[in-house]
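>
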Amino acid sequence: SQKIEQNSEALNIQEGKTATLTCNYTNYSPAYLQWYRQDPGRGPVFLLLIRENEKEKRKERLKVTFDTTLKQSLFHITASQPADSATYLCALDMFWTGANNLFFGTGTRLTVIP
Amino acid sequence: KAGVTQTPRYLIKTRGQQVTLSCSPISGHRSVSWYQQTPGQGLQFLFEYFSETQRNKGNFPGRFSGRQFSNSRSEMNVSTLELGDSALYLCASSTGQGVDEQYFGPGTRLTVT
Chain Y
1148 SQKIEQNSEA LNIQEGKTAT LTCNYTNYSP AYLQWYRQDP GRGPVFLLLI RENEKEKRKE
1208 RLKVTFDTTL KQSLFHITAS QPADSATYLC ALDMFWTGAN NLFFGTGTRL TVIP
Chain D
52 KAGVTQTPRY LIKTRGQQVT LSCSPISGHR SVSWYQQTPG QGLQFLFEYF SETQRNKGNF
112 PGRFSGRQFS NSRSEMNVST LELGDSALYL CASSTGQGVD EQYFGPGTRL TVT
């Protein structure tokens, strides 16, 4: 079965630095990969989606890369701010099943220190 | 546009009881997916409904069931509750067609004692 690993359970960085989060998966390659942000006590919020034929996607201070050879996605937050502190989840599609559902990693809890 | 709503937000039940959770998707969305989130297992897919039909089901026992109504609202039911069912239950809505981000509700926190 598909397995997703996010590099670390927790990551602390200084304000202004770039945070890099890693998502590795095994087995089949998804058609697309998504990143979500989750704050305590709330549901996840969609951030970015990248397709298998896309190498990189950007949105404001966020950047996602997708390497199907390495079976890895990197998620970058540049010029990080304390407000970026949250848990970040990567999710792979199960689109091949014909349904619209996601297979989530366990998340990385990011803390940006002022 | 109103977001995804879930009721109730918090629930305390006793082992052996059953529970029904409700989810109202974003207007116009026809797909509703349900997830269970626990500290140990993270977010796990339960099932997805699209136009009142279950399209896919995750690896959960038959005690977990759901349904979707013609207005796209969805309910999930857990029968014969076990302590391990204590979790945050999240529903997410989307158009359900093609590549699609999902919009999550705030969740229902279920505690089984």
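Chains as they are written, first to last, in our numbering: chain Y, 1148 to 1261; chain D, 52 to 164. We put the beta carbon where it would ideally sit given N, CA and C, even for glycine. Remember, it's a predicted structure, so these values are computed and weren't measured experimentally.
(1) Express the C-alpha separation of Q95/D and P1191/Y in angstroms, rounding to a whole number.
(2) Residues of chain D with a CB under 7 Å from the CB of Q1181/Y: which are they?
(3) Under the assumption that G149/D contacts V55/D (Cβ atoms under 8 Å), give the Cβ distance between them as a whole number of angstroms.
(4) What does the Cβ neighbour count give for S1176/Y, buried or exposed, with the cut at 16 atoms within 10 Å?
(5) Between which two residues does the beta strand (DSSP E) containing Q57/D stretch?
(6) Going along chain D in order, which residues have a C-beta closer than 8 Å to the C-beta of F1250/Y?
(7) Using the Cβ count rule (16 or more neighbours within 10 Å means buried), how would you classify L161/D?
(8) Between which two residues does the beta strand (DSSP E) holding T1165/Y run?
(9) Determine the DSSP secondary structure at G91/D, reduced to helix, strand or coil.
(10) Starting from E126/D, trace the beta strand (DSSP E) in both directions and tell me its first and last residue.
(11) Is the beta carbon of Q87/D sitting closer than 8 Å to the one on L72/D?
To lay it out plainly:
(1) Each residue's CA atom was taken as its position, placing P1191/Y and Q95/D some 13 Å apart.
(2) E152
(3) At roughly 19 Å, the Cβ-Cβ gap does not stay under 8 Å, so G149/D and V55/D are not in contact.
(4) S1176/Y should be labelled exposed.
(5) Unbroken beta strand (DSSP E) run through Q57/D: T56 to T58.
(6) Simply F96.
(7) buried
(8) Here T1165/Y belongs to no beta strand (DSSP E), and DSSP marks it neither H nor E.
(9) coil
(10) S125 to V129
(11) No, they are not a contact pair.
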